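Counting from 1, position 9 in the sequence shown corresponds to residue 8 in numbering that gives the first Met the number 0; the numbering is continuous, with no gaps.
Yeah, the Cβ is synthetic: ideal placement off N, Cα and C, and Gly gets one too.
Since this is a predicted model, take the numbers as computed values, not measurements.
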Amino acid sequence: MLIHPWDAPRDDDEWQRWLSAHGFGQLAVNGPPGEPPLVQPLHFAYDPERGEAVTHLARPNPLWPAVEANPDVVLSVVDDYVYVPGPWQAESGTPSEHGVPTSLYAAVQLRCRAHLVDDPARKAALLNRQVGHFQPEGGSARAAAGEAPYGRLLSGIRGLRLEVTGVRAKFKYAGKRSESVRERIAAGLSDRNGARDAQARAHLLRRLRA
Numbered sequence: 000m001l002i003h004p005w006d007a008p009r010d011d012d013e014w015q016r017w018l019s020a021h022g023f024g025q026l027a028v029n030g031p032p033g034e035p036p037l038v039q040p041l042h043f044a045y046d047p048e049r050g051e052a053v054t055h056l057a058r059p060n061p062l063w064p065a066v067e068a069n070p071d072v073v074l075s076v077v078d079d080y081v082y083v084p085g086p087w088q089a090e091s092g093t094p095s096e097h098g099v100p101t102s103l104y105a106a107v108q109l110r111c112r113a114h115l116v117d118d119p120a121r122k123a124a125l126l127n128r129q130v131g132h133f134q135p136e137g138g139s140a141r142a143a144a145g146e147a148p149y150g151r152l153l154s155g156i157r158g159l160r161l162e163v164t165g166v167r168a169k170f171k172y173a174g175k176r177s178e179s180v181r182e183r184i185a186a187g188l189s190d191r192n193g194a195r196d197a198q199a200r201a202h203l204l205r206r207l208r209a
């Protein structure tokens, strides 16, 4: 992922806050020799204090042999993305039809060392962390090895603890454009009010005013 200086996060807090609120991504694992990488969409819970993310997958998932063969993986998350029409990006004095269309988005890629979790008690603890992240209001029974209602289901999954060893983050929100162009893009997003337009506009204005 190319990261220009104007797209880089201001500090670690920027990407960590964003990632903590975005718990769905794609886990990329090196495939067997001669085969393409394997990519698995999944929910995960990121813990910045521990420097790790936790998740789980069904035991029959084809990723497991690849993870065991090479535990160096990438967890990729992309969201708050929008398409920006060319005229919105035209600088002052330039014909609007000469503006360059582009995409705006936020992305975080975590390079991780994968640790498999098969012990029933540790799997239950991992599941409780993940559910607690997404469901802090409670409402579901806690998982416990050998206990109803979830104990008998633990054998059907394997847990993954993803130890973060490197981070690449990007907030592509017209950072190299003039203030007037960015204000025009923000106005266009507000008027269009489509999917993710409000989120992208908030990023653009936040970074513009930082």
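(request) Leaving aside the five residues before and after residue 56 along the sequence, list all residues of the same chain whose C-beta is less than 8 Å from its C-beta, in chain order. (result) On the sequence shown, residue 56 is found 57 positions in, with the first residue counted as 1. Contacts found: 39, 41, 62, 63, 156, 157 and 159.
(request) Express the C-alpha separation of residue 117 and residue 129 in angstroms, rounding to a whole number. (result) Residue mapping note: residue 129 aligns to position 130 of the sequence shown, counting from 1. Residue mapping note: residue 117 aligns to position 118 of the sequence shown, counting from 1. Their Cα atoms are separated by approximately 16 Å.
(message) Given this structure, state the Cα-to-Cα distance separating residue 193 from residue 200, to the nearest angstrom.
(response) On the sequence shown, position 194 is the one that residue 193 refers to. On the sequence shown, position 201 is the one that residue 200 refers to. Rounded to whole angstroms, residue 193 to residue 200 spans 11 Å at the Cα level.
(request) With a cut-off of 8 Å on the beta carbons, I'd call residue 76 and residue 21 a contact; round off their distance for me. (result) Taking the first residue of the sequence shown as 1, we reach residue 76 at position 77. Taking the first residue of the sequence shown as 1, we reach residue 21 at position 22. The pair is a contact, with the Cβ atoms about 5 Å apart (cut-off 8 Å).
(message) Are the CB atoms of residue 163 and residue 14 within a distance shorter than 8 Å?
(response) To locate residue 14, count along the sequence shown from 1; it is residue 15. To locate residue 163, count along the sequence shown from 1; it is residue 164. For residue 14 and residue 163, no; Cβs fall outside 8 Å.
(request) Go through its chain and collect everything with a Cβ distance to residue 5's Cβ below 7 Å, but skip five positions before and after it. (result) What you label residue 5 is simply residue 6 of the sequence shown in a count that begins at 1. Cβ within range, chain order: 174 and 175.
(request) Provide the residue span of the beta strand (DSSP E) that contains residue 171, from first to last. (result) As a working note, residue 171 is residue 172 in the sequence shown. Element bounds for residue 171: 156-171.
(message) Short of 8 Å in beta carbon distance, which residues of its chain neighbour residue 68, apart from the five on each side in sequence? Order them along the chain.
(response) Locating residue 68 in the sequence shown gives position 69, where the first residue counts as 1. Result list for residue 68: 29 and 31, in chain order.
(message) Which same chain residues end up closer than 7 Å to residue 179 when comparing Cβ atoms and leaving out the 5 residues on each side of it in sequence?
(response) Translated into the one-based positions of the sequence shown, residue 179 becomes position 180. Taken in chain order, the residues that qualify are 91.
(request) Check the DSSP bridge columns for residue 105 and list the partner residues they point to. (result) Against the sequence shown, residue 105 aligns to sequence position 106. 78 and 170.
(request) Could you please give the first and the last residue of the uninterrupted beta strand (DSSP E) stretch that includes residue 202? (result) Stepping through the sequence shown from its first residue, residue 202 is reached at position 203. Run containing residue 202: none in the beta strand (DSSP E); it sits in the alpha helix (DSSP H), 196-208.
(request) Work out the CA separation of residue 88 and residue 183 for me, nearest whole Å. (result) Taking the first residue of the sequence shown as 1, we reach residue 183 at position 184. Taking the first residue of the sequence shown as 1, we reach residue 88 at position 89. Taking the straight line from one Cα to the other gives about 8 Å.
(request) May I ask you to list the residues that DSSP assigns as paired with residue 13? (result) Counting from 1 along the sequence shown, the entry for residue 13 is found at position 14. According to DSSP, which records beta bridges pairwise, residue 13 is partnered with nothing at all.
(request) Taking the CB atoms as reference points, tell me whether residue 152 and residue 123 lie closer together than 8 Å. (result) Residue 152 sits at position 153 when you count from the first residue of the sequence shown. Residue 123 sits at position 124 when you count from the first residue of the sequence shown. No, the pair does not count as a contact, with Cβ atoms beyond the cut-off.
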